[in-house]
Amino acid sequence: MSIDLEQFHQTFFEESFEGLDEMEKELLDLDMGSADSESINTIFRAAHSIKGGSATFGFTDVAEFTHRMETLLDEMRDGRREVTQEAVNLLLSSVDCLRDLLGAQREHNEPDKENVITLQQQLDDMLKVGSTPPAESSHAAASETRKKEVEEIKETEWLIQFHPHPHMLRTGNEPLRMFNELALLGDLIVKADHSKLPAFCDIAFDECYLSWELTLKGSVKHEQITEIFEWVDDDCDLSIEPVSEVEQHSQKPVKGNGETEKVPQTENKPVEQKGKTERRKSSLSEASSIRVGIDKVDELVNLVGELVITQSMLSQTNEDDSGNQDKLRDGLAQLERNTRELQESVMRIRMLPISFAFNRFPRMVHDLTQKLGKKVELKMSGEQTELDKTVMEKIGDPLVHLVRNSLDHGIEIPEIRLKNGKPEIGVLHLNAYHQGGSIVIEISDDGAGLNAARISSKAKSQGLIDENEVLTKEKIHELIFNPGFSTAETLSDVSGRGVGMDVVKRNIKGLGGSIDVDSEEGKGSTFTIRLPLTLAILDGQLIRVGNETYIIPLISIEETFQVSYELINTIANGTELYRLRDEYIPIVRLHDIFNLQPEHTELTDGLLAVVESDGCKVGLFIDDLLGQQQVVIKGLETNFRRVDGVSGATILGDGTVSLILDVGGLIEFARKRQTKAVA
Amino acid sequence: MSTAAETLEVGVDHIINNEDTSQYLTFILGGEEYGIDILRVQEIKGWDLVTTIPNTPEYIKGVINLRGTIVPIIDLREKFALGNKKYGPTTVVIVLKVESEGCDRIVGVVVDAVSDVYSIRGSDLKPAPDFGGTISTEFLRGLATVEDKMVILLNIDELLNVGVLNAIDTEVN
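Here it is in structure tokens:
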């Protein structure tokens with residue numbers, strides 16, 4: 199019976215990538231010298247699952263590579279090898295390499311074979327050197343240790359009696375897979391006992407009738423064998439006994455301390471070298487599936503159940519025909535509540551904890567601090583705060599940029615920190631929390647902070663501000679979001695890659711969010727990102743201009759009021775200004791810029807909605823305010839194209855389409871028209 | 244068994260023989276008959292109110308809600324400068340699937356009335372003479388004669404992408 203394994207690939211890849219993330223996380227948390235055995239166990243288990251899975255699916259390159267890692271980890275676990283920074287770094291690179299290999303398998307393209315071979319060689323070298331404590335790991339000591347190592351290792355012949363219970367196959371365990379793994383450990387002879395096999399017509403395809411007697415010869419430990427059978431422990435009778443012990447070095451003089459040489463290396467040599475740049479371009483994006491907690495699904499099922507009940511209640515009211523208004527009203531109220539809850543639950547399915555975005559940072563901080571010679575402690579809080587998947591995907595790059603910046607420009611090198619009376623180790627804090635209908639992400643460091651003097655002199659030299667202009671500290675800090683603005687004296691290869699804060703700001707604005715900076719020289723900086731929770735639904739204020747209904751995102755509206763005649767002012771070029779308390783805000787007539795026939799043309803007859811975007815405030819002149827409601831955002835670009843001043847469309851209760859205004863775009867559009875009119 | 248196989252063979256032959264025959268849905272615009280590849284037609288619906296889109300040319304009537312999808316509606320009569328005509332009971336919206344840069348778009352076109360469905364062979368198509376006019380020849384697939392009438396076959400992908408959606412920018416500014 200052959201099963202199409204392809205169908206399990208997706209799950210395998212997802213699990214493996216999760217396993218790799220976990221390995222990375224644990225590796226970064228390891229304390230050098232005195233590593234917690236539980237952590238190493240976790241790493242080992244993850245590696246083991248990947249090895250097992252990849253062997254099952256025939257991804258031999260992955261299996262072989264993981265096997266080496268596993269051996270190294272195994273030595274650490276048994277305390278035969280000290281946990282050194284060197285080993286951890288190598289394992290981290292190996293995790294990257296495995297990601298690469300698995301990614302290549304998933305997208306059916308070529309992995310970076312050169313890198314694989316280099317790393318395999320490094321792993322082999324490390325394994326050959328043997329379990330030396332760091333102090334002795336010099337070359338002189340190495341050969342001696344190796345000799346010692348060799349003496350310790352015994353080649354053993356194991357006799358394994360493996361009698362699976364009939365139901366074992368149904369638990370998803372495949373003996374062949376286990377045998378394949380055993381074969382990786384040494385020379386394996388398998389004898390099957392088919393005496394219990396019934397007559398052909400009586401065979402149930404999912405029962406196991408066979409049992410096996412296996413002989414395994416090699417330098418293998420008892421635990422290594424039990425581990426392979428660990429998943430079928432309860433589903434079989436198993437006995438593992440040593441048959442004989444042979445002094446190893448009489449037979450195979452140089453054999454490291456394991457089975458590393460069993461894996462034929464020549465077969466791994468790249469057959470052809472494909473350019474890696476080409477491969478990286480692969481358009482296949484991340485797996486488009488979400489793993490959803492069972493509680494979320496349960497909630498949905500419950501809600502649908504309630505919806506069905508409400509529906510039957512309503513149809514019963516309909517049949518009664520006794521004109522029972524109360525019952526109908528109750529039913530409708532219930533329906534409304536159900537719908538809202540259902541909507542919220544469905545949205546929640548797309549929500550993932552922000553740890554998905556944060557998880558890459560421990561590794562990044564680890565690598566970058568080593569490169570930059572800095573000492574940084576990464577603190578993270580609010581990782582469980584949930585965020586829509588699409589928002590999460592798009593916020594990753596801006597976050598990376600900000601963290602890089604903090605590490606490179608923000609936090610000083612230890613000597614300077616000490617000189618300035620700060621603790622040697624800098625702190626980088628990532629924090630996320632919900633506030634109203636948005637999520638706030640803070641990236642703060644206790645580094646050097648922004649140098650206001652340098653920023654303003656740079657801005658003056660670039661002509662961004664006037665020579666004699668005096669700006670508040672906040673205004674100066676905002677200058678760093680200008681395109682092409684960098685105050686870094688030297689461009690390092692960490693930052694200064696041509697992507698500036700302007701791109702960060704643009705990306706965040708593209709998500710409907712905002713970014714602020716707060717910094718004190720010498721004390722550190724905090725970047726605060728505010729994002730909508732989801733890109734699919736927003737709270738909208740319905741407004742009317744003439745016969746048209748538009749929607750303004752509620753978040754952009756500061757206030758609405760009737761216009762008092764005395765407060766209207768005009769300046770020479772025809773711009774109308776409105777005095778609102780102590781500031782003058784320009785009036786933008788929506789009907790003007792949208793070429794509509796309004797009901798009112800006199801400012802005092804209509805309403806002014808003060809909208810704000812990007813620190814810029816205008817009073818939007820409209821005919822009337824209608825209700826507020828949550829709207830589902832639909833793109834105009836799908837079938838049409840982008841329209842200035844409009845961010846999308848939605849469908850109202852009566853089935854008609856209403857356009858959602860893009861306040862930022864609208865202000866920009868109005869400004870452009872104004873300058874054009876003047877020119 | 245053998246008859247089935249024969250029929251199949253005949254069927255295949257039939258398809259091969261008619262390889263270059265396509266079916267066209269024709270419609271009336273200002274007294275002229277235009278045709279579009281019937282495989283592009285998703286549905287035909289009556290004219291209904293649309294939501295206008297600000298700052299777009301007159302021939303973009305607006306957008307409608309087609310079972311949850313926002314679909315732009317384009318008046319071909321106005322696009323082709325055939326004069327304005329009051330929308331009447333025969334006015335329909337033909338909802339078309341258009342290929343644009345590798346993905347499909349749904350666009351509705353307003354026409355005076357739908358007319359007929361014809362099978363027309365590719366070899367019977369005559370190139371349209373390049374003689375100016377409001378429809379550039381790049382949007383025409385060709386001219387065909389059906390029962391002594393001339394039918395103008397449109398290249399709907401080109402027309403709606405290049406001729407309408409991409410042209411808006413230049414026209415508005």
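First to last, the sequence lines map onto chains A and B. Residue numbering for the first sequence follows this note's numbering, starting at 199 and increasing by one per position. Residue numbering for the second sequence follows this note's numbering, starting at 244 and increasing by one per position. Don't be surprised by glycine CBs; every beta carbon is placed ideally from N, CA and C.
Sorted by chain position, which residues of the same chain lie with C-beta nearer than 7 Å to residue i's C-beta, five sequence neighbours on each side aside?
{"i": "residue 731(A)", "result": "585, 586, 635, 636 and 637"}
{"i": "residue 448(A)", "result": "For residue 448(A), the predicted model reports a pLDDT of 40, less than 50, meaning its position is unreliable; a value from the coordinates is still stated below. The answer is none, since no qualifying residue turns up."}
{"i": "residue 328(B)", "result": "320 and 355"}
{"i": "residue 679(A)", "result": "699, 700 and 703"}
{"i": "residue 495(A)", "result": "none"}
Excluding five sequence neighbours on each side, which residues of the same chain lie with their C-beta closer than 6 Å to the C-beta of residue i?
{"i": "residue 525(A)", "result": "515"}
{"i": "residue 321(A)", "result": "266"}
{"i": "residue 386(A)", "result": "380 and 414"}
Given this structure, state the Cα-to-Cα distance separating residue i from residue j, to the nearest angstrom.
{"i": "residue 497(A)", "j": "residue 508(A)", "result": "16 Å"}
{"i": "residue 270(B)", "j": "residue 309(B)", "result": "21 Å"}
{"i": "residue 645(A)", "j": "residue 852(A)", "result": "55 Å"}
{"i": "residue 772(A)", "j": "residue 808(A)", "result": "19 Å"}
{"i": "residue 384(A)", "j": "residue 430(A)", "result": "21 Å"}
{"i": "residue 216(A)", "j": "residue 247(A)", "result": "11 Å"}
{"i": "residue 558(A)", "j": "residue 222(A)", "result": "9 Å"}
{"i": "residue 628(A)", "j": "residue 581(A)", "result": "9 Å"}
{"i": "residue 325(A)", "j": "residue 410(A)", "result": "33 Å"}
{"i": "residue 299(A)", "j": "residue 372(A)", "result": "24 Å"}
{"i": "residue 848(A)", "j": "residue 531(A)", "result": "23 Å"}
{"i": "residue 281(A)", "j": "residue 274(A)", "result": "6 Å"}
{"i": "residue 406(B)", "j": "residue 383(B)", "result": "11 Å"}
{"i": "residue 285(B)", "j": "residue 408(B)", "result": "19 Å"}
{"i": "residue 323(B)", "j": "residue 790(A)", "result": "28 Å"}
{"i": "residue 661(A)", "j": "residue 869(A)", "result": "21 Å"}
{"i": "residue 352(B)", "j": "residue 867(A)", "result": "29 Å"}
{"i": "residue 359(A)", "j": "residue 393(A)", "result": "15 Å"}
{"i": "residue 588(A)", "j": "residue 268(B)", "result": "41 Å"}
{"i": "residue 787(A)", "j": "residue 796(A)", "result": "10 Å"}
Kindly list the residues whose CB is nearer than 8 Å to the CB of residue i, restricted to its own chain and excluding five residues on each side of it in sequence; keep chain order.
{"i": "residue 681(A)", "result": "698 and 700"}
{"i": "residue 336(A)", "result": "Because the pLDDT at residue 336(A) is just 43, under 50, the model does not fix this residue reliably, and the value given afterwards should be weighed accordingly. Excluding positions up to five away in sequence, the list is empty."}
{"i": "residue 479(B)", "result": "Here chain B has residues from 244 to 416 only, and residue 479(B) is not among them."}
{"i": "residue 289(B)", "result": "334, 335 and 336"}
{"i": "residue 640(A)", "result": "627, 628, 629, 630, 724, 725, 726 and 727"}
{"i": "residue 765(A)", "result": "776, 777 and 778"}
Is it right to say residue i is buried, meaning 16 or more other beta carbons lie within 10 angstroms of its own, or is it exposed?
{"i": "residue 569(A)", "result": "exposed"}
{"i": "residue 317(A)", "result": "buried"}
{"i": "residue 769(A)", "result": "exposed"}
{"i": "residue 883(A)", "result": "Nothing about residue 883(A) can be read from this structure; chain A reaches only from 199 to 877."}
{"i": "residue 379(A)", "result": "buried"}
{"i": "residue 583(A)", "result": "buried"}
{"i": "residue 748(A)", "result": "buried"}
{"i": "residue 616(A)", "result": "exposed"}
{"i": "residue 366(B)", "result": "exposed"}
{"i": "residue 844(A)", "result": "buried"}
{"i": "residue 349(A)", "result": "Because the pLDDT of residue 349(A) is 43, which lies under 50, any placement of that residue in the model is unreliable, and the number read from its coordinates should be weighed accordingly. Per the 10 Å Cβ criterion, exposed."}
{"i": "residue 424(A)", "result": "exposed"}
{"i": "residue 834(A)", "result": "buried"}
{"i": "residue 904(A)", "result": "Examination of residue 904(A) is not possible in this model, given that chain A is present from 199 through 877 alone."}
{"i": "residue 395(A)", "result": "exposed"}
Beta carbon of residue i: closer than 8 Å to some heavy atom of the ligand SAM?
{"i": "residue 385(A)", "result": "Within the structure as shown, the ligand SAM is missing, as the structure has no ligands at all."}
Does residue i come within less than 9 Å of chain C when only Cβ atoms are used?
{"i": "residue 298(B)", "result": "Reference to chain C is not applicable here, since the protein chains of this structure are A and B."}
For the region 834-850 of chain A, list every residue whose C-beta sits within 8 Å of some C-beta in chain B, in sequence order. Residues 834, 836, 837, 838, 839, 841, 842, 843, 844, 847 and 849.
Inside the region 646-731 of chain A only - beta strand (DSSP E) runs reaching at least 3 residues: Correct list: 712-718 and 722-730.
Relative to chain B, which residues along the region 817-835 of chain A have a C-beta separation below 7 Å, given in chain order? Residues of the region 817-835 of chain A whose Cβ lies closer than 7 Å to any Cβ of chain B, in chain order: 832 and 834.
With 8 Å as the C-beta to C-beta threshold (strictly closer), list the residues of the region 392-405 of chain B near chain A in chain order. Answer in chain order: no residues at all.
Using a Cβ-Cβ cutoff of 9 Å, what residues of the region 304-329 of chain A are near chain B? List them in chain order. Of all residues in the region 304-329 of chain A, none has a Cβ within less than 9 Å of some Cβ in chain B.
Of all the residues that make up the region 744-763 of chain A, which are near chain B by a beta-carbon distance shorter than 8 Å? The residues in question are 746.
Which residues of the region 271-295 of chain B have a Cβ closer than 9 Å to any Cβ of chain A? Give them in chain order. From the region 271-295 of chain B, only 292, 293, 294 and 295 have a Cβ closer than 9 Å to chain A.
Taking the runs of the alpha helix (DSSP H) that are 4 residues or longer, which of them lie wholly in the region 570-632 of chain A? Listed in chain order, the complete alpha helix (DSSP H) runs (minimum 4 residues) inside the region 570-632 of chain A are 587-603 and 612-617.
Contacting positions in the region 780-798 of chain A - beta carbon closer than 8 Å to chain B: Within the region 780-798 of chain A, the qualifying residues are 791, 792, 793 and 794.
What residue ranges within the region 723-793 of chain A form continuous alpha helix (DSSP H) runs of no fewer than 4 residues, ordered along the chain? Counting only runs of 4 or more, we get 788-792.
Any C-beta of chain B within less than 8 Å: which residues of the region 848-867 of chain A qualify? Listed by position along the chain: 849, 853, 854, 855, 856 and 857.
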